[in-house]
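Asker: Remember, my numbering sits 2 above the position in the sequence shown when you count from 1.
Attaching a single structure in structure tokens format; questions to follow.
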Amino acid sequence: MATPLPTLHYIYDPLCGWCYGAAPLVEAARGIAGLMIAAHGGGMMTGGNIQPVTEALRRYVMPHDERIAGLTGQEFGPDYFDGLLRDHGAVFDSAPPTTAVLAAETLAGRGLDLLKRLQHAHYVQGKRIADPAELQRLAEDIGLDAEGFRAAYAVARGEATARHIAQSRALLTRVGGSGFPTLALERDGAYTLLEPSRYLGRPSQWQADLRERIK
């Protein structure tokens, strides 16, 4: 069903470094009056793609993260590089943080606010954002009601999250995206695939061009 207002569809993963790099673009888009933003968790690290933290994983992701930092100015903290990425008891699993974003959206329309907090917790503070107890703390940290979030999380977990991820992947195919992040603008039921990589580190230009698109 076509949305009544122009909608920016953001297909993301909470453990995707390039999504963290594009976070300032999403934040800039949120400042555009008359533009809706719909977040769709794509489940990058779910099922057989769940990753335990190992030294091999650290060696693999660090060059990518350093490149993202250089292109975007986004902070990757020592608690991430030398803390979380050396925490061999940690697991990278996209499902729990995706569930948390869904719960925050259902509870208070604050899914994107929680996603922003989760990204900071992961990439700067080195927190285990696949841990439900940590997710609860972070939800409370942005001011969500503790009991309300706990209940919403319980409803969103499991099958509901799996269904959301499947729908997100179907949308990814529909708009012609190839990975995370994918951003597509919907107007009158038609989708235009955008190129956020051209704007990394330039959120003001991204915002200005988006404003022109939806005039």
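Glycine is no exception: its CB is placed at the ideal position from the N, C-alpha and C atoms.
Predicted model only: the values in this text are computed from it and were never measured.
1) When the Cα of residue 22 is compared with those of 10, 200 and 120, which residue comes out closest?
2) Verify whether the separation of the beta carbon atoms of residue 205 and residue 27 is less than 8 Å.
3) Enumerate in chain order the residues of its own chain whose CB-to-CB distance from residue 29 is below 6 Å, with the five nearest sequence positions on each side excluded.
4) Between residue 198 and residue 13, how many whole angstroms is the CB-CB distance? I'm expecting something under 8 Å.
5) Using the three-state DSSP reduction, which class does residue 21 fall into: helix, strand or coil?
6) Which residue from 46, 146, 108 and 188 puts its Cα closest to that of residue 94?
7) Would you mind stating whether residue 159 and residue 34 have Cβ atoms separated by less than 8 Å?
8) CA-CA distance, residue 174 and residue 180?
9) Specify, as a first and last residue, the run of the beta strand (DSSP E) that residue 42 falls within.
10) State whether the segment 110-119 contacts the segment 84-93, with contact taken as three or more CB pairs (one from each stretch) at a distance under 8 Å.
11) Starting from residue 155, trace the alpha helix (DSSP H) both ways and give me its first and last residue.
12) Could you give the first and the last residue of the continuous alpha helix (DSSP H) run that contains residue 74?
13) By DSSP's criteria, residue 11 is part of a beta bridge. Which residues make up the other side?
14) Would you tell me roughly how many angstroms separate the C-alpha atoms of residue 67 and residue 42, rounded to the nearest one?
15) Residue 125 lies in the beta strand (DSSP E); which residues open and close that run?
Answerer: In short, the structure shows the following:
1) The residue you call residue 22 lines up with position 20 of the sequence shown. Among 10, 200 and 120, the Cα nearest to that of residue 22 is on 120.
2) If you number the sequence shown from 1, residue 205 lands on position 203. If you number the sequence shown from 1, residue 27 lands on position 25. Cβ distance < 8 Å, so residue 205 and residue 27 count as in contact.
3) Here the question's residue 29 lines up with position 27 in the sequence shown. Contacts found: none.
4) Residue numbering aside, residue 198 sits at position 196 when the sequence shown is read from its first letter. Residue numbering aside, residue 13 sits at position 11 when the sequence shown is read from its first letter. Actually they do not touch by this definition, with Cβ atoms about 11 Å apart.
5) Indexing the sequence shown from 1 puts residue 21 at position 19. Residue state, collapsed to three classes: helix.
6) Here residue 94 corresponds to residue number 92 of the sequence shown, with the count starting at 1. The shortest C-alpha separation from residue 94 is found at 46.
7) Residue 159 sits at position 157 when you count from the first residue of the sequence shown. Residue 34 sits at position 32 when you count from the first residue of the sequence shown. No, these two residues do not count as a Cβ contact at 8 Å.
8) For the purposes of this step, residue 174 is identified with residue 172 of the sequence shown, where counting begins at 1. For the purposes of this step, residue 180 is identified with residue 178 of the sequence shown, where counting begins at 1. Between residue 174 and residue 180, the C-alpha separation is close to 7 Å.
9) Taking the sequence shown and counting its residues from 1, one reaches residue 42 at position 40. Per DSSP, residue 42 belongs to the beta strand (DSSP E) from 38-43.
10) no
11) Position 153 of the sequence shown, counted from the first residue, corresponds to residue 155. Residue 155 -> alpha helix (DSSP H) spans 148-158.
12) Your numbering for residue 74 matches position 72 in the sequence shown. Residue 74 -> alpha helix (DSSP H) spans 57-74.
13) By 1-based counting over the sequence shown, the position of residue 11 is 9. For residue 11, which the question treats as bridged, DSSP gives the partners 40 and 186.
14) What you label residue 67 is simply residue 65 of the sequence shown in a count that begins at 1. What you label residue 42 is simply residue 40 of the sequence shown in a count that begins at 1. Approximately 22 Å, taken between the alpha carbons.
15) Reading the sequence shown from its first residue, position 123 is the one you call residue 125. Run containing residue 125: none in the beta strand (DSSP E); it sits in the alpha helix (DSSP H), 113-125.
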